[in-house]
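Novice: I'd like to ask you about the structure that follows.
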Amino acid sequence: MRRAFDLLLALASAALLIPSVALYRADLAGRKPALDFVAKFNIETRRPDVAHTVGYAPTPDWAAEMIADAALRDAYEPVNLTDATPAFREAWINAAGHVDEELVFAKGALLDAVAVRPGWPFYQSLLGQTVFALESRAYSPDLVQKPATWSQPLLNAAHGAPGASSPWRSLAAAYLQTWPLLEKTHTATAGEVFTHAFADPDFVRIVFPDAARLLGTDRAIRFVPDAPQSLTAAFDYFAKANDVGHAWPLRQRWERAEWNARVSDLADIERHAKRGDVDDVRNLCDAWTSRHSVWDYDTPAAHQQAARILEVWPGGRRGAWSNDPLAEVARYLITRNGDSDRFAAVVARQIDSFAGVSNPTLAEVKLLSGDVNGAERIAQTAEDAGTLAWAPYMLTLARIQGKGGDAMSRLPVAARQTHEALLIGGDPVIDDADGARCGAKTEMAVHGAAKEKTITVRLTTSSPALVDVGINRARAATLLVDGARDVTFILEGPRDKTVWTRTLCGAADGCAAVTSRTATR
248 MRRAFDLLLA LASAALLIPS VALYRADLAG RKPALDFVAK FNIETRRPDV AHTVGYAPTP
308 DWAAEMIADA ALRDAYEPVN LTDATPAFRE AWINAAGHVD EELVFAKGAL LDAVAVRPGW
368 PFYQSLLGQT VFALESRAYS PDLVQKPATW SQPLLNAAHG APGASSPWRS LAAAYLQTWP
428 LLEKTHTATA GEVFTHAFAD PDFVRIVFPD AARLLGTDRA IRFVPDAPQS LTAAFDYFAK
488 ANDVGHAWPL RQRWERAEWN ARVSDLADIE RHAKRGDVDD VRNLCDAWTS RHSVWDYDTP
548 AAHQQAARIL EVWPGGRRGA WSNDPLAEVA RYLITRNGDS DRFAAVVARQ IDSFAGVSNP
608 TLAEVKLLSG DVNGAERIAQ TAEDAGTLAW APYMLTLARI QGKGGDAMSR LPVAARQTHE
668 ALLIGGDPVI DDADGARCGA KTEMAVHGAA KEKTITVRLT TSSPALVDVG INRARAATLL
728 VDGARDVTFI LEGPRDKTVW TRTLCGAADG CAAVTSRTAT R
């Protein structure tokens with residue numbers, strides 16, 4: 248019985264061995280084109296990473312993808328031969344003479360790969376790129392007479408993997424190169440192709456000048472999707488040319504798109520926070536601060552939004568206070584005109600997470616959040632207590648204590664005649680701003696004002712211009728100025744402030760001047 252079982256097992260093993268050997272031989276045969284490519288075009292010397300990887304491809308058709316990528320890189324990418332060895336230099340010089348042959352080889356391998364795995368879109372993407380490269384290098388009439396040979400595989404790939412940007416970018420670049428001859432052919436799909444391709448802001452930055460020239464400015468602008476970074480890239484093109492007429496609508500679209508993106512990303516954080524996904528919340532908060540600058544908006548809604556980012560942050564050690572992205576959110580909140588006190592408690596809960604927070608800053612945040620005892624412990628035990636570095640803290644303490652406190656007597660002598668100190672002490676002070684200035688960036692120091700006062704700044708330009716205006720680093724608005732325009736800022740609280748303007752596009756000789764000082768609302 249035992250012998251019979253062993254014999255049966257041996258026969259079964261032999262039966263399985265036959266198809267295994269056949270499969271192995273078929274696999275070797277399938278890999279032969281890729282191995283031939285490596286040997287024929289000296290890939291092992293020029294691109295050893297490709298040569299080594301081909302042998303580890305899970306299936307032969309994957310190897311076709313690798314050699315096609317290498318052939319396209321040989322066709323398009325420059326190579327740095329500085330300090331190259333003689334063998335490496337010779338290999339690359341020889342390679343320049345057989346790039347077209349590489350592309351033909353890769354095309355055949357890709358056609359076989361598509362036949363094996365027709366549903367894999369990236370084979371079709373590489374096929375379209377390879378055919379386009381081959382025909383454009385050879386100045387083949389088929390490039391324009393038979394565009395479907397390269398455009399259809401790329402379209403198939405783009406539709407098969409709509410979330411992948413590479414097929415759309417390749418197709419858009421090919422459309423631009425052939426647009427003068429194939430405009431009528433491309434028009435039917437141009438909107439879809441360019442809108443997807445322009446979702447990549449780096450691609451917009453590179454090709455938008457050509458797109459505006461070939462497609463027409465208005466059409467190129469329509470193809471830019473409502474994605475903040477892409478809109479910024481297109482805006483920058485027109486801003487550099489001082490083309491206010493086209494830059495202004497793009498800036499307005501950016502304003503809406505950026506705010507919508509900020510709201511959407513925060514809603515995503517809230518959903519994960521509600522589920523208790525601590526790691527996801529941490530990652531999403533980091534993503535929010537990397538994608539969005541808190542300084543881009545200065546409204547109550549923007550202040551609340553920034554505060555919410557700090558509130559939902561699950562805690563943990565951060566980087567330096569001076570440059571950590573989350574610390575930027577905290578600094579934004581404690582410098583808001585009229586709102587800094589309201590958000591101090593939120594900042595105080597997270598400030599210990601950052602390294603390198605100065606004692607005066609730490610004490611002032613604690614003070615504004617209501618922890619007077621904690622703030623005073625820091626202030627009275629600090630090695631530099633009584634120096635000018637502590638003047639802002641002492642002035643804040645004096646404002647909170649009122650006339651009955653001792654903070655003013657502890658204020659360094661050099662700080663007692665500042666506008667803010669005189670205001671807190673009850674002395675009359677005429678609010679003012681440093682005078683008129685011209686140029687791309689203007690900053691005006693506005694000294695401490697009583698509550699609910701305003702200052703009006705007149706912007707003047709010799710031709711239409713786009714100007715950012717704001718207070719304490721944050722942008723309040725972007726304005727279209729044509730000739731002269733008055734901007735009124737509400738100044739809340741006694742603190743000195745900085746009102747600023749920046750010319751984004753248009754007249755470089757634009758001026759910003761104070762035209763009225765501290766008028767009552």
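Quick note: the sequence shown uses our numbering, first residue 248, plus one each step. Ideal placement from N, C-alpha and C gives every residue a C-beta, glycine not left out. Everything numeric in this text was worked out from a predicted model, so none of it was measured.
Would you please state the rounded distance, in angstroms, between the beta carbons of Val473 and Ala504? I believe it to be under 8 Å.
Specialist: Per the sequence presented here, residue 473 reads as Asp, with Val not at that position. Indeed, because the Cβ distance is near 4 Å, the residues count as touching under 8 Å.
Novice: In angstroms with no decimal places, state the Cα-to-Cα distance between Ala437 and Asp715.
Specialist: So the alpha carbons of these two residues sit roughly 34 Å apart.
Novice: Quick one: what does DSSP say Lys393 is sitting in, helix, strand or coil?
Specialist: Coil, per DSSP.
Novice: What first and last residue would you give for the beta strand (DSSP E) that runs through Arg583?
Specialist: No beta strand (DSSP E) contains Arg583, which DSSP labels as neither H nor E.
Novice: In the DSSP assignment, find the beta strand (DSSP E) that holds Ile702 and state where it starts and stops.
Specialist: First-last of the beta strand (DSSP E) with Ile702: 700-707.
Novice: Count the other C-beta atoms from every protein chain shown that fall within 10 angstroms of the C-beta of His443, then say buried if there are 16 or more, exposed otherwise.
Specialist: Counting Cβ neighbours within 10 Å, His443 comes out buried, since at least 16 surround it.
Novice: Among the residues of its own chain, which have a CB less than 7 Å from the CB of Asp588, if the five just before and after it don't count?
Specialist: The residues are Leu615.
Novice: If you count every other CB in all the chains shown that lies within 10 Å of the CB of Tyr579, and 16 or more means buried, which is it?
Specialist: Tyr579 comes out buried.
Novice: Ser372 to Val541, Cα distance in whole Å?
Specialist: Ser372 and Val541: Cα-Cα distance of roughly 39 Å.
Novice: Mapping DSSP to helix, strand and coil, what is Asp359?
Specialist: It is helical.
Novice: How would you call Ser417, buried or exposed, if buried means at least 16 neighbouring beta carbons within 10 angstroms?
Specialist: Label assigned to Ser417: buried.
Novice: Where do the N-terminal and C-terminal ends of the beta strand (DSSP E) with Asp715 fall, by residue?
Specialist: Asp715 -> beta strand (DSSP E) spans 712-718.
Novice: For a minimum of 4 consecutive residues, which ranges assigned as the alpha helix (DSSP H) are wholly contained in the region 561-620?
Specialist: Segments of the alpha helix (DSSP H) lying fully in the region 561-620: 572-580, 591-597, 606-615.
Novice: Please classify Arg518: is it buried, with 16 or more other beta-carbons within 10 angstroms of its beta-carbon, or exposed?
Specialist: Arg518 should be labelled exposed.
Novice: Taking buried to mean at least 16 other C-beta atoms within 10 Å of its own C-beta, is Leu428 buried or exposed?
Specialist: Classification of Leu428: exposed, given that the 10 Å Cβ count is below 16.
Novice: On the three-pair Cβ rule with 8 Å, is the region 318-336 touching the region 387-395?
Specialist: They do not touch, by the three-pair rule.
Novice: For Arg529, which option in Val559, Met641, Ser600 has the closest C-alpha, if you only look at C-alpha atoms?
Specialist: When each option's Cα is compared against that of Arg529, the closest is Val559.
Novice: Taking a contact to mean a Cβ-Cβ separation below 8 Å, would you say Pro711 touches Asp729 in this structure?
Specialist: Contact: yes.
Novice: Going by DSSP in three states, Leu328 sits in which element: helix, strand or coil?
Specialist: Here Leu328 sits in coil by DSSP.
Novice: Per DSSP, Thr377 is paired with what?
Specialist: Answer is none; Thr377 lacks a bridge partner.
Novice: Give the DSSP-derived three-state secondary structure of Thr750 in the structure shown.
Specialist: Strand, per DSSP.
Novice: Go ahead and pull the three-state DSSP assignment for Glu630.
Specialist: Three-state result, Glu630: coil.
Novice: Closest to Thr703 by C-alpha separation, out of Phe736, Leu727, Glu690, would be which residue?
Specialist: Nearest C-alpha to Thr703: Phe736.
Novice: Flag this pair as yes or no: are the beta carbons of His539 and Arg509 separated by less than 8 Å?
Specialist: Against a cut-off of 8 Å, the Cβ pair of Arg509 and His539 comes out as a contact.
Novice: CA-CA distance, Trp220 and Asp316?
Specialist: In this structure the chain extends from 248 to 768, so residue 220 is not present and cannot be described.
Novice: Output the distance between the C-alpha atoms of Trp495 and Thr750, rounded to the nearest integer angstrom.
Specialist: Straight-line Cα distance between these residues: approximately 13 Å.
Novice: Using DSSP with H/G/I as helix, E/B as strand and the rest coil, what is Ile677?
Specialist: Note that Ile677 has pLDDT 43, beneath the 50 cutoff, so the model's placement of it is unreliable and the number below is only indicative. If DSSP states are grouped into helix, strand and coil, Ile677 belongs with coil.
Novice: For Lys223, count the other beta carbons within 10 Å of its own beta carbon; 16 or more makes it buried, fewer makes it exposed. Which is it?
Specialist: With the chain running from 248 to 768 in the structure shown, residue 223 is simply not present.
Novice: Can you give the Cα-Cα distance for Ile516 and Ala549, rounded to whole angstroms?
Specialist: Approximately 16 Å, taken between the alpha carbons.
Novice: Quick one: any contact between the region 334-348 and the region 295-305, if contact means 3 or more CB pairs under 8 Å?
Specialist: They do not touch, by the three-pair rule.
Novice: Looking at the structure shown, is Arg722 part of a helix, part of a strand, or coil, going by DSSP?
Specialist: Note: Arg722 maps to strand in three-state DSSP.
Novice: Looking only at its chain, what residues have a beta carbon closer than 8 Å to the beta carbon of Asp347, apart from the 5 residues adjacent to it on each side?
Specialist: If we look at Asp347 and ignore the five residues flanking it on each side, its Cβ neighbours are Leu381, Arg384, Ala385.
Novice: Just to confirm, are Trp568 and Phe590 a CB contact at a threshold of 8 Å?
Specialist: For Trp568 and Phe590, no; Cβs fall outside 8 Å.
Novice: With which residues is Asp733 paired in a DSSP beta bridge?
Specialist: Beta-bridge pairing links Asp733 to Arg705.
Novice: Taking only three categories from DSSP, how would you classify Thr689?
Specialist: Strand, per DSSP.
Novice: Could you round the C-beta distance between Leu554 and Val593 to whole angstroms and report it? I think they count as a contact, below 8 Å.
Specialist: Reading off the sequence shown, one finds Ala at residue 554, where the question assumed Leu. Indeed, because the Cβ distance is near 5 Å, the residues count as touching under 8 Å.
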